Structure formats: C-alpha cells, structure tokens
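In our numbering, the protein residues as written are 19 to 130.
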C-alpha cells in the first residue's frame with residue numbers, strides 16, 4: 019500500500035476503539051489528534067472544544083503527521099474558522115488528493 023494513501027474521510031466517528039498516539043493544540047480552540055486503528059492504519063482527528071469535526075484515515079504515520087501539520091497551518095492562517103468550514107476544507111482536499119506513484123528504486127541510476 020502506498021504510504022501517501024487516504025483511506026477514508028469522516029468514516030470513523032466512534033473514537034473509543036483507537037489508541038491515541040499524540041495530541042496537538044492548534045489555534046481557535048481546535049485540537050488535532052493522531053490515533054492508531056485496530057487495522058493498523060492511522061487516524062487524524064480534528065476536534066473543536068472536544069467535539070469531533072473531521073477524521074482522515076491514512077496508511078502511514080508519516081503521512082498522518084504531515085496532514086496534521088497542513089491542517090494546523092490552515093487553522094492558523096484562517097482566524098475565526100468555523101467547524102463546518104474546516105470539515106469542508108478537509109473533505110475537499112482529500113477528494114482532490116491525487117494518488118502519488120512512488121518512483122522506481124533505480125530512478126537515479128545511470129542509463130545502461
């Protein structure tokens with residue numbers, strides 16, 4: 019599975035079955051959580067004042083950390099951001115996400 023794969027958006031709403039890995043306090047009352055699922059995927063959970071706004075399920079923890087940074091940056095660049103606006107932003111970005119094809123291992127090898 020490609021490590022930069024978004025598996026689902028807003029599918030996971032019951033957060034009790036997931037193991038929290040980290041919590042980041044953002045601006046405007048938002049908190050971003052990283053959790054591991056039972057199926058060894060990772061969830062980015064955006065919350066506002068303890069209420070889940072949006073979730074994104076990802077294949078790798080590295081990509082999940084990157085997504086958390088992007089969401090945090092968006093929150094900080096948009097003072098007064100509403101929960102619905104953040105959820106819409108996350109859903110649109112995930113839908114527009116173009117799957118990335120990994121480069122071949124010998125990409126930088128000299129031509130034969």
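Every residue, glycine too, gets a C-beta built ideally from N, C-alpha and C.
From a predicted model like this one, the values you see are computed outputs, not experimental measurements.
Residue i classed as buried or exposed, judged by whether at least 16 other C-beta atoms fall within 10 angstroms
i           : result
residue 95  : exposed
residue 37  : exposed
residue 104 : buried
residue 43  : exposed
Residue i, enclosing beta strand (DSSP E) - first and last residue
i          : result
residue 22 : Note, residue 22: premise wrong, no beta strand (DSSP E); not H, not E.
residue 75 : 69-76
residue 43 : 37-43
residue 49 : 48-54
residue 66 : 60-66
Range covered by the alpha helix (DSSP H) that runs through residue i
i           : result
residue 112 : 101-113
residue 92  : 79-95
Chain-order list of residues whose beta-carbon lies under 7 Å from that of residue i (same chain, five-residue window excluded)
i           : result
residue 67  : 47
residue 112 : 24, 27, 74
residue 41  : 49, 51
Count Cβ pairs between the stretch 36-53 and the stretch 61-77 that sit closer than 8 Å; are there 3 or more?
Cβ pair count under 8 Å is three or more, so yes.
Are three or more beta carbon pairs between the stretch 74-84 and the stretch 96-106 nearer than 8 Å?
These segments do not touch.
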